[in-house]
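First up is the structure itself, then whatever we jot down about it.
Numbering (our numbering), first residue to last: 829 to 987.
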């Protein structure tokens, strides 16, 4: 009993709890913030800046998405954005523009469904086109094919 008391008095338990809570909170934060959208909102006509980087393999989240499309790229473990859809959307498109660099994208829906994007036609930048999205929080990662590559980009949301 005395060993347990000295362990608690030394603050070890508090430190372990603090680390656990900090790690859990970190997983729900985004590198570039939260974007709230409702059909017809102004942000649906604009672009948001960001940059790639990181050595976390997006295939660690999922090898393939809900449409059996392969998930590629490296990014930061935290999502770049959390997109909050305040209402259901009949269609929505997210496009990356890095000026011709090769980017990837992974989106995790509130129900844990995964969507992955790579080249858009002849363009090397990623995009994902959605139909019938439910309201909720969507985590968005923008990546590159090589680890720790920093590329500036803009993310455009189109309705």
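We put the CB at the ideal spot given by N, CA and C, even for glycine.
Ranked by how close their Cα comes to the Cα of residue 859, the residues 984, 928, 937, 970 have 970 in first place.
Look at residue 888 here: in three-state DSSP terms it is helix. DSSP places residue 898 outside any beta strand (DSSP E), giving it a letter other than H or E.
A straight-line Cα-Cα distance of about 8 Å links residue 868 and residue 987. Shown here, residue 919 sits in a strand according to DSSP, grouped into three states. Three or more Cβ pairs closer than 8 Å define a contact, and the segment 922–929 falls short of that threshold against the segment 899–906.
If you draw a straight line from the Cα of residue 899 to the Cα of residue 892, it is about 5 Å long. Counting every other CB atom within 10 Å of its CB across the protein chains shown gives residue 881 a total of 16 or more, marking it as buried.
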